[in-house]
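What follows is a set of notes on a single structure, which appears directly below.
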Amino acid sequence: MGFLTDYFEAIDIIALVALLGLAAVAFSRRGGIWVVILCAVVAFWAAVRIFNIL
């Protein structure tokens, strides 16, 4: 059971890094402010889920 929990946490962290990369690319192209906002919201949700912030 611990393996599955660690596996899902690793997937969440990889997805969070991918979202931050997507936001950086969208911001650098100056046309994707909505993508940046969406990535920020999803990244916040993922961080809360991963690190139990709230």
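Take the sequence shown: its position 48, counting from 1, is numbered 51 in our numbering, and each next residue is one higher. All C-beta atoms in this analysis are idealised placements derived from N, C-alpha and C, irrespective of residue type, glycine included. As the structure is a computational prediction, the values presented were derived from the model and not from experiment.
For a test of the three-state rule: what should DSSP assign to Arg33, helix, strand or coil? Sequence index remark: in the sequence shown, residue 33 carries index 30 (1-based). The answer is coil: DSSP assigns Arg33 none of H, G, I, E or B.
Coil, strand or helix - Ile56 by DSSP: Counting from one through the sequence shown, the residue named residue 56 turns up at place 53. Reduced to three states, the DSSP call for Ile56 is coil.
Give me the Cα-Cα distance between Leu7 and Cys42, rounded to the nearest whole angstrom. Residue numbering aside, residue 7 sits at position 4 when the sequence shown is read from its first letter. Residue numbering aside, residue 42 sits at position 39 when the sequence shown is read from its first letter. Going from the Cα of Leu7 to the Cα of Cys42 covers about 26 Å.
Under 9 Å, Cβ to Cβ, is there at least one residue of chain D near Val44? The chain inventory of the structure shown lacks chain D, comprising one protein chain alone.
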